[in-house]
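The structure under discussion appears below in the form of structure tokens.
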Amino acid sequence: MAERPHLAVIGAGPAGLAASLAAAVHGVRVTLVDAGTEAGGQFYRQPAAALGARRPQTLHHQWRTWERLRTGLDGQIAAGRIRHLPDHHVWCVERESGDGGFGVHALVGPMQDDGVVVRADAVLVATGGHETVLPFPGWTLPGVVTAGGAQAMLKGGLVLPGRTVVVAGTGPLLLPVATGLATAGAHVAALVESADPRALLRHSSALAAQPGKLTEGARYTARLLRHRVRALVRHTVVEAHGTDRLESVTVAALGTDGRVRPGSERRIPCDTLAVGHGMLPHTDLAETLGCALDGTDVRVDDEQRTDVPGVWAAGEATGIGGAALALAEGHIAGRSIAARLHGSAPDPRTWAAAARARTRLRTFFAAVDAVFAPPVGWVEQATDDTVVCRCEEVTAGEVRSAVGGFGAGDLRTVKLLTRAGMGWCQGRMCGPAVAGVSGCTLTTPRRPLARPVPLGVLAGVSEEGLPALSEEDLE
Amino acid sequence: MAKRLTCDVVVVGAGMVGAACALYAARAGLDVVVVDRGPVAGGTTGAGEGNLLVSDKERGPELELALLSARLWAELAEEFGSAVEYEPKGGVVVAATTEALASLKDFAAAQHAAGVMTEVVDADQVRSLEPHLAPGLAGGVLYSQDAQVMPALAAAHLVRASGARLCTGRTVTGVLRTAEGAVRGVRTDDGEIHAPAVINAAGTWGGDVAALAGAHLPVLPRRGFVLVTEPLPRLVRHKVYAADYVADVASDSAALQTSPVVEGTAAGPVLIGASRERVGFDRSFSLPVVRSLALGATRLFPFLERVRALRTYVGFRPYLPDHLPAIGPDPRVPGLFHACGHEGAGIGLATGTGHLIAQALGGKTTDLDLTAFRPDRFSGDEVNSP
Amino acid sequence: MNPLELADAQPGPAFTVTFDGRTIEALPGQTVAAALWAAGVTAWRSTRGAGRPRGVFCGIGMCFDCLVTVNDLPNQRACLVPVRPGDTIRTQEGTGHDG
Numbered sequence: 001m002a003e004r005p006h007l008a009v010i011g012a013g014p015a016g017l018a019a020s021l022a023a024a025v026h027g028v029r030v031t032l033v034d035a036g037t038e039a040g041g042q043f044y045r046q047p048a049a050a051l052g053a054r055r056p057q058t059l060h061h062q063w064r065t066w067e068r069l070r071t072g073l074d075g076q077i078a079a080g081r082i083r084h085l086p087d088h089h090v091w092c093v094e095r096e097s098g099d100g101g102f103g104v105h106a107l108v109g110p111m112q113d114d115g116v117v118v119r120a121d122a123v124l125v126a127t128g129g130h131e132t133v134l135p136f137p138g139w140t141l142p143g144v145v146t147a148g149g150a151q152a153m154l155k156g157g158l159v160l161p162g163r164t165v166v167v168a169g170t171g172p173l174l175l176p177v178a179t180g181l182a183t184a185g186a187h188v189a190a191l192v193e194s195a196d197p198r199a200l201l202r203h204s205s206a207l208a209a210q211p212g213k214l215t216e217g218a219r220y221t222a223r224l225l226r227h228r229v230r231a232l233v234r235h236t237v238v239e240a241h242g243t244d245r246l247e248s249v250t251v252a253a254l255g256t257d258g259r260v261r262p263g264s265e266r267r268i269p270c271d272t273l274a275v276g277h278g279m280l281p282h283t284d285l286a287e288t289l290g291c292a293l294d295g296t297d298v299r300v301d302d303e304q305r306t307d308v309p310g311v312w313a314a315g316e317a318t319g320i321g322g323a324a325l326a327l328a329e330g331h332i333a334g335r336s337i338a339a340r341l342h343g344s345a346p347d348p349r350t351w352a353a354a355a356r357a358r359t360r361l362r363t364f365f366a367a368v369d370a371v372f373a374p375p376v377g378w379v380e381q382a383t384d385d386t387v388v389c390r391c392e393e394v395t396a397g398e399v400r401s402a403v404g405g406f407g408a409g410d411l412r413t414v415k416l417l418t419r420a421g422m423g424w425c426q427g428r429m430c431g432p433a434v435a436g437v438s439g440c441t442l443t444t445p446r447r448p449l450a451r452p453v454p455l456g457v458l459a460g461v462s463e464e465g466l467p468a469l470s471e472e473d474l475e
Numbered sequence: 001m002a003k004r005l006t007c008d009v010v011v012v013g014a015g016m017v018g019a020a021c022a023l024y025a026a027r028a029g030l031d032v033v034v035v036d037r038g039p040v041a042g043g044t045t046g047a048g049e050g051n052l053l054v055s056d057k058e059r060g061p062e063l064e065l066a067l068l069s070a071r072l073w074a075e076l077a078e079e080f081g082s083a084v085e086y087e088p089k090g091g092v093v094v095a096a097t098t099e100a101l102a103s104l105k106d107f108a109a110a111q112h113a114a115g116v117m118t119e120v121v122d123a124d125q126v127r128s129l130e131p132h133l134a135p136g137l138a139g140g141v142l143y144s145q146d147a148q149v150m151p152a153l154a155a156a157h158l159v160r161a162s163g164a165r166l167c168t169g170r171t172v173t174g175v176l177r178t179a180e181g182a183v184r185g186v187r188t189d190d191g192e193i194h195a196p197a198v199i200n201a202a203g204t205w206g207g208d209v210a211a212l213a214g215a216h217l218p219v220l221p222r223r224g225f226v227l228v229t230e231p232l233p234r235l236v237r238h239k240v241y242a243a244d245y246v247a248d249v250a251s252d253s254a255a256l257q258t259s260p261v262v263e264g265t266a267a268g269p270v271l272i273g274a275s276r277e278r279v280g281f282d283r284s285f286s287l288p289v290v291r292s293l294a295l296g297a298t299r300l301f302p303f304l305e306r307v308r309a310l311r312t313y314v315g316f317r318p319y320l321p322d323h324l325p326a327i328g329p330d331p332r333v334p335g336l337f338h339a340c341g342h343e344g345a346g347i348g349l350a351t352g353t354g355h356l357i358a359q360a361l362g363g364k365t366t367d368l369d370l371t372a373f374r375p376d377r378f379s380g381d382e383v384n385s386p
Numbered sequence: 001m002n003p004l005e006l007a008d009a010q011p012g013p014a015f016t017v018t019f020d021g022r023t024i025e026a027l028p029g030q031t032v033a034a035a036l037w038a039a040g041v042t043a044w045r046s047t048r049g050a051g052r053p054r055g056v057f058c059g060i061g062m063c064f065d066c067l068v069t070v071n072d073l074p075n076q077r078a079c080l081v082p083v084r085p086g087d088t089i090r091t092q093e094g095t096g097h098d099g
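Residue numbers (this note's numbering), protein chains in the order written: chain D, 1 to 475; chain S, 1 to 386; chain U, 1 to 99.
Written out as structure tokens, the structure reads:
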């Protein structure tokens, strides 16, 4: 009997889970490789088991969807069709010469100092995304965290960043972060949103496609009111103050031109600022495999296939669109993979509902993107002495002089001349900031090493091959 | 209306060699335009480690050029200093066995006779020069003239200091010739630039620029990967490499060769090279190559096993079949000068090259005999040789 | 209300670790960053350029701002590494490898 085909899914968020389940149910052996200690990704981030949370759902929404995914995953693991590798941090996926298979190289454990390699016939890139934050004076002070980071620490560690929090920036994430922090006991002194969410109403086609999102927004707003959170729409944080840690922020109103209205500044005392300006997809692994990108997103077809044979992608990696879209894309990818790995063309009718949801949600998030664009004036807020690259401590002034003094006209040259983007995070945090300050187009640099890799692991001294899931494992 | 510029000399290529040509030509009183289809340091310069080496060159014309270049770099360092991260840190070549040490000593003795400062060091001295080296090495040679710069910064600063007009993002599409065949400028995708002299400093793409002028110059790419670690204090003090590196540099093989080259930088990260492959302009990542770099480096410096690599990048060394650059006037095309094909040594050899080109432009006797670097020395048969 | 109450958490018994020599309490399942936050500590790194304090920023292992020295191992991401009884946590200076 021929061995069942083997799929490696990278990322156990909504997209990776939906794909794993769809593929496993249809006769594919799945290894689910994930950096988290628990499945769920960022959206369904779970508290560590040892914290003994009996009611983690109080920190979440769409909990029933999560329960269905969790139950499905447990069932498939028990049946031996899915192997879940938590705390595995993938640093490279290599197309192996010869049989057309793939090697998924991961670092194991929280210290990430040992390596393993998983071999597979196909790969699904469900690597999600990360938040972007645009710089302003004081944003490197301790106490300034990303909005998603505050949420992750709350969901995963059951801990708050401080007592008095300002939530600021732009995007649909701010509302759930503010309500989550308030519900967990923080005093949310203000929710500062630079866009006007009412502008979404003008995108009537988007809302018609997604009426549930209005109700969701209304529910959050009601909770904010209950916690007496002040919402400042069309406002922005212009500076964070403090010497060795955050003490207050200055917020100001934005004019219709996207710039700060002079005289509208006011100070809000706080010990925490949770700030975010949207998200970017994680595309490093896909790009190193040779997958084409559309702008910052991995390009996929209707079946969620990339242009590299054997490589699929789903969820935020193919464009930011939230958990529901990730689930739809993951499901479609899983069905497509199962059919293709068994040598047949899939029947799209089997995923018609998911395809409809995908279309609706993509339309909706295109409107969200348009409405929640950062205000144009942010670049002026980044004064010359404001650090833009947090790792290498490169200031906006240094970036500007690379452009003005040396004629740098692209992000790579700015990086070479200033070191912005050369540090530990490899420009993941500062990419959009450097692009904005330099006036260069935002491009994703190639990162063949998707994570820092100990040279000993790279040398192969301490990397071991995991046995493929055997047929015996499946019985 | 198409733009039209007029100047004394057009430098094609805004890499390190083009920058040095621009600087020395401008200092000789010429009005210079530098044109590049990409940005400053966008090609091999931006993908290099910034080696200014005499240690890896055997006695001969390239070593003479390296010694001249080292002197000129030291002069420029007075001017640019830390802005280009110039570090006269010296190189240490190590040998694992007594046999390897013996041949290294012979090699160094010949270099010494040619004017290179060399110091043979025994196993204990090697360890005191580099305390984190693996134990058990037989010994090595210290080359105090080896140095390093940050190549992209160096190119950017030299271009700026030259005062040359810099036209980036502008592709040269033709070399303009008079009825008699002499150069009268270049055609670009954004107008013509008129000048009686054109310098081909297009590095790995120098063969294409030569072809635009109807001249044959078989520059080919030799791919190399560099690994960059997390920032560290000065645990690696010199440029350190194993004696077999020199053999790889001089090799004609197309197959993959790696020999560990490890050095710290002013900015903190340790740089690890050096791989050599002839695979055309293939930019795709090769895990096996990077693995062999990591293996070589951790054998030399065991502490690196726990140090993390943050990134890796690829570049293409411009090499000519006899491993010597093309420097000087092209007798086939009056007014065309070549300054390319420096393989992995272009950063180091840039100053000497720029200086000699400026002398040649001015019709002066050059400080070095350029015969070995003659651009018309290739017959046209060598392109397909292995 | 606090998050532990909200989620009705029943962790195992608390244990102690040290941060720059000071004893702090931690809970099983917490990361180093969560334990430090719970103890009111928000900075545990000093940058190698300007010597500025840093702590958690992205909270998900992406930004490397929360690098810390745990049991003499530098450059650990506090937001990922679980805290263990008896851990010696130190503010990381510079590259973490300096003397």
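Using N, Cα and C, we set each Cβ at its ideal position, and we do this for glycine too.
As the structure is a prediction and not an experimental result, all values here were calculated from the model.
To the nearest angstrom, report how far apart Gly103 (chain D) and Ala360 (chain S) are at their CA atoms.
54 Å
Going by the beta-carbon positions, is the gap between Ala147 (chain S) and Glu87 (chain S) smaller than 8 Å?
yes
Do we get a CB-CB distance below 8 Å when we pair Cys440 (chain D) with the residues of chain U?
no
Using the beta-carbon count (16 or more within 10 Å), is Leu361 (chain D) buried or exposed?
buried
According to DSSP, is Ile77 (chain D) helix, strand or coil?
helix
Considering Cα atoms alone, identify which of D:Thr441, D:Leu69 and D:Arg400 is closest to Gly295 (chain D).
D:Thr441
Of all the CB atoms in chain S, is at least one closer than 8 Å to the CB of Glu94 (chain D)?
yes
Strand pairing of Tyr24 (chain S), partner residues [DSSP]:
Per DSSP, none; premise fails for Tyr24 (chain S).
Under the assumption that Gln76 (chain U) contacts Gly157 (chain D) (Cβ atoms under 8 Å), give the Cβ distance between them as a whole number of angstroms.
About 16 Å; that fails the 8 Å criterion.
Any C-beta of chain U within less than 7 Å: which residues of the region 253-276 of chain S qualify?
Gly268
Let me know if Pro13 (chain U) comes out buried or exposed under the rule of 16 or more other beta-carbons within 10 Å of its beta-carbon.
exposed
Does the beta carbon of Val12 (chain S) come closer than 8 Å to any beta carbon on chain D?
no
Ala35 (chain U) and Val56 (chain U): beta carbons closer than 8 Å?
no
Distance between Asp8 (chain U) and Arg54 (chain D) (C-alpha atoms, nearest Å):
5 Å
Only counting the same chain, and skipping five residues up and downstream in sequence, which positions put a Cβ closer than 7 Å to that of Arg447 (chain D)?
Asp284 and Gln426
Does any residue of chain D have a CB that is nearer than 8 Å to the CB of Asp98 (chain U)?
no
Please tell me whether Asp99 (chain D) and Leu7 (chain D) are closer than 8 Å, where the distance is taken between their beta carbons.
no
Return the residues of the region 208-235 of chain S that lie within a Cβ-Cβ distance of less than 9 Å from chain U, sorted by chain order.
Glu230, Pro231, Leu232, Pro233 and Leu235
At which residue ranges does the region 138-162 of chain D contain complete beta strand (DSSP E) runs of 3 or more residues, listed in the order of the chain?
144-146
Which chain D residues are close to Ile60 (chain U), counting only those with a beta carbon under 8 Å from its beta carbon?
Gln42, His130, Gly148, Gly149 and Ala152
Express the C-alpha separation of Arg64 (chain D) and Pro74 (chain U) in angstroms, rounding to a whole number.
41 Å
For Asp122 (chain S), name the three-state secondary structure that DSSP assigns.
strand
Can you tell me the Cβ-Cβ gap for Pro135 (chain D) and Val387 (chain D), rounded? I've got them flagged as a contact below 8 Å.
7 Å
In chain order, what residues of the same chain have a beta carbon less than 6 Å from the beta carbon of Ile272 (chain S), not counting five sequence neighbours either side?
Leu227, Val262, Leu293 and Ala297
Give, in chain order, every unbroken run of the alpha helix (DSSP H) that is at least 4 residues long and sits entirely within the region 271-339 of chain S.
287-300
Does any residue of chain D have a CB that is nearer than 8 Å to the CB of Asp65 (chain U)?
yes
In this structure, how does DSSP classify Leu449 (chain D) when only helix, strand and coil are distinguished?
coil
Return helix, strand or coil for Leu368 (chain S), following the three-state DSSP convention.
coil
How far does the alpha helix (DSSP H) with Asp369 (chain D) in it reach, from first residue to last?
Ala352 to Val371
Relative to the alpha-carbon of Arg223 (chain S), which residue among S:Ala210, S:Val209, S:His238 and S:Ala255 has its alpha-carbon at the smallest distance?
S:Ala255
Cβ of Val434 (chain D) within 8 Å of Cβ of Gly421 (chain D)?
yes
What does the alpha-carbon distance come out to for the pair Leu280 (chain D) and Leu153 (chain S)?
30 Å
If Ala100 (chain S) and Ala138 (chain S) are in contact, beta carbons under 8 Å, what's the gap, nearest whole angstrom?
7 Å
Per-residue contacts from Val290 (chain S) into chain D (C-beta, under 7 Å):
Leu458
Nearest chain S C-beta to Val453 (chain D) closer than 8 Å, yes or no?
yes
Own chain residues within Cβ distance below 8 Å of Ala134 (chain S), not counting five before or after
Arg299, Leu300, Phe301 and Pro302
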